[in-house]
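This report concerns only the one structure given below.
Residue numbers (the UniProt record's numbering): 1 to 206.
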């Protein structure tokens, strides 16, 4: 049996978060806060959003992180995440942001989810959130991780915290939607937190 290849450790002090989504940026900054990393965003560096041509969350996270790291010459962290609804065959999935349209209208996107479930006569409201994280270096090396959390959809949306589809998602074992939860609670159980825990253990923890 071949020995496992060790993960590359992050040893710098500065990191670009390869996103133009302020909600994602805020959550990632909060998760990175204990590690003394200076975080800036792709938007601050004037980096364009690359076209997400991947067919999986991991593929899209990798292409975004590599594009930012190569363009800026410093390590970059990218998140690609979304909602997968069982009765819709996993949709919107990697197209979660695109369902919100160019104006990022997630109220319309959540209404579309409800409408499509109703049209299908689907009794199940089971769904899961997926988050893929990629940490990339300017030399082209990258490390990737994926986390997910399962739950049930609820309509109408509840809560004005979080972002995206958070107000319609109740994680298993909880009574509140992500949109109703305090940020500290969400950070303990979310798909992003689970992916981030793997990243920290592999690349940040001493």
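We put the beta carbon where it would ideally sit given N, CA and C, even for glycine.
In this text the structure is predicted, and so the values were computed from the model without any measurement.
{"Asked": "In terms of alpha-carbon separation, which member of 22, 160 and 189 lies closest to residue 180?", "Found": "160"}
{"Asked": "Does the count of Cβ pairs from the region 102-110 and the region 71-80 closer than 8 Å reach three?", "Found": "no"}
{"Asked": "Going by C-alpha to C-alpha distance, which of 94, 133, 143 and 154 sits closest to residue 125?", "Found": "154"}
{"Asked": "Reducing DSSP to helix, strand and coil, say where residue 127 ends up.", "Found": "strand"}
{"Asked": "Quick check: the Cα distance between residue 65 and residue 173, rounded to an integer number of angstroms?", "Found": "33 Å"}
{"Asked": "Ordered along the chain, which non-local residues of its own chain (more than five positions away) have a Cβ less than 8 Å from that of residue 31?", "Found": "187, 192, 193 and 196"}
{"Asked": "Count the other C-beta atoms from every protein chain shown that fall within 10 angstroms of the C-beta of residue 51, then say buried if there are 16 or more, exposed otherwise.", "Found": "exposed"}
{"Asked": "Please report the distance separating the alpha-carbon of residue 167 from that of residue 63.", "Found": "29 Å"}
{"Asked": "Count the other C-beta atoms from every protein chain shown that fall within 10 angstroms of the C-beta of residue 157, then say buried if there are 16 or more, exposed otherwise.", "Found": "buried"}
{"Asked": "Go ahead and pull the three-state DSSP assignment for residue 152.", "Found": "strand"}
{"Asked": "So who's on the other strand from residue 84, going by DSSP bridges?", "Found": "92 and 128"}
{"Asked": "Quick one: Cα of residue 175 to Cα of residue 152, how far?", "Found": "10 Å"}
{"Asked": "What span of residues does the beta strand (DSSP E) with residue 170 cover, start to end?", "Found": "169-171"}
{"Asked": "How should residue 33 be labelled, buried or exposed, when 16 other C-beta atoms within 10 angstroms of its C-beta is the threshold for buried?", "Found": "exposed"}
{"Asked": "Assuming residue 68 contacts residue 78 (C-beta within less than 8 Å), just tell me the rounded distance between them.", "Found": "7 Å"}
{"Asked": "Can you give me the C-alpha to C-alpha distance between residue 100 and residue 61, rounded to a whole angstrom?", "Found": "19 Å"}
{"Asked": "Using DSSP bridges, identify the partner residues of residue 38.", "Found": "14"}
{"Asked": "Let me check one thing: in DSSP terms, what residues is residue 177 bridge-paired to?", "Found": "According to DSSP, residue 177 bridges with nothing at all."}
{"Asked": "For residue 28, collect the residues of the same chain with a Cβ closer than 6 Å to its Cβ; drop the 5 residues on either side in sequence, then sort them by chain order.", "Found": "17"}
{"Asked": "Which value, in whole angstroms, describes the spacing of the CA atoms of residue 213 and residue 140?", "Found": "With the chain represented from 1 up to 206, any question about residue 213 goes unanswered, as that position is not in the structure."}
{"Asked": "Rounded to whole angstroms, what's the CA-CA distance from residue 150 to residue 127? Just pull it up for me.", "Found": "6 Å"}
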